[in-house]
Amino acid sequence: MYVLKFISEAKSANKKKLAILIDPDTDFSITKAILENTKKVDVDIIFVGGSLLYKGRIDECIDFIKAHTNLPIVIFPGSEIQISEKADALLFLSLISGRNPDLLIGKHVTVAPFLKQMGLEVIPTGYMLIEGGNVTTASYISQTIPIPSDKPGVAMATAIAGEFLGLKLIYLDGGSGAKNPVPIDMIRMVSNNVSLPLIVGGGIRNKQSIKDAWNAGADIVVVGNLLESNPDELQGLR
Ligand code: 1GP
């Protein structure tokens, strides 16, 4: 319960958190540079995962990250093969924005006994894909329609349903490489209507977008591509 406790306590104290997403397929030399940069910008959590992996070396990647940082490592799995007992926790994602039964409950059944054996902290997460101006790998691979960016009410209703179902976190995701981040009015509406910690990511390209998401009610903002493409942008964030 350590990671969820850490996230929930931060929310209660209104301490905004920054997470970075590391794709296990990324060259370790680049991952190393990203991890060096995180020391300068006060990153709080490391998410590991990808919508589609080609190399399948999640254990190796987590070992590599652990050798370079003490931050909590949380698996953000793109599929049921992305599990590892080396991580601190795993977001047990139910894709509540979609209507693909396999991603709502199916894959979960297949993998649940293995997760139980591993003793990994499993965090039930309502995962919502939001339309971000292009088709992302996440929406293509999941074969689901993301929530339209101009329909904050749909996102709000979905998040409330997720809370009623007993999920512990809500994750609004434009998908990695989204052209546009999750709209601010949508973040605000979801945050005003659920009491769960709120994670927001996808398509964040500058520090102002991070601050805007935090101010609108995101408790954790996740950045991925930005760390590779323009790491200096995060300087002076806090
Ligand atoms: C996607 O939030 C992550 O789930 C990261 O997205 O790579 O676009 O920052 P980006």
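Residue numbers (my numbering): 31 to 268. Note that the Cβ used here is the ideal one computed from N, Cα and C, for glycine as well. Fair warning: this is a prediction, and the values are worked out from it, not measured in the lab.
Spatial neighbours of Glu258 in its own chain (CB-CB distance under 7 Å, excluding positions within 5 residues in sequence) are listed in chain order as Ile60 and Ile64. 8 Å or more divides the Cβ of Val104 from the Cβ of Gln265.
Under DSSP, Glu151 takes part in a beta bridge, and its partners are Ala119. When the beta-carbon positions are compared, Ile177 and Ser127 come within less than 8 Å of each other.
Contiguous beta strand (DSSP E) elements confined to the segment 91-143 occur at 103-105 and 119-125, taking only those with 3 or more residues. Selection Val141, Pro182, Leu195 and Gly207 evaluated against Pro107 yields Val141 as nearest (Cα-Cα).
Inclusion of Ala208 in the 7 Å shell around the ligand 1GP follows from its C-beta lying nearer than that to a non-hydrogen atom of the ligand. Judged by DSSP in its simplified three-state form, Tyr157 adopts strand. Using a Cβ distance threshold of 8 Å, Ala185 and Leu202 count as a contacting pair.
Residue Arg87 holds the alpha-carbon nearest to the alpha-carbon of Ile111 among Leu101, Arg87 and Arg218. Listed in chain order, the alpha helix (DSSP H) runs fully inside the segment 236-260 are 237-246 and 255-259, counting runs of at least 4 residues. Gly149 sits exposed, since fewer than 16 C-beta atoms from the chains shown fall within 10 Å of its C-beta.
Around the beta carbon of Val139, fewer than 16 other beta carbons sit within 10 angstroms, so the residue counts as exposed.
Assignment of beta-bridge partners to Lys47 by DSSP yields Ile250. Sequence-distant partners of Arg268 (beyond 5 residues in either direction) whose C-beta falls short of 7 Å from its own C-beta, in its chain, are Asp72.
By DSSP's assignment, Leu199 forms a beta bridge with Thr155. Gly231 has Asp203 and Val252 as its beta-bridge partners, per DSSP.
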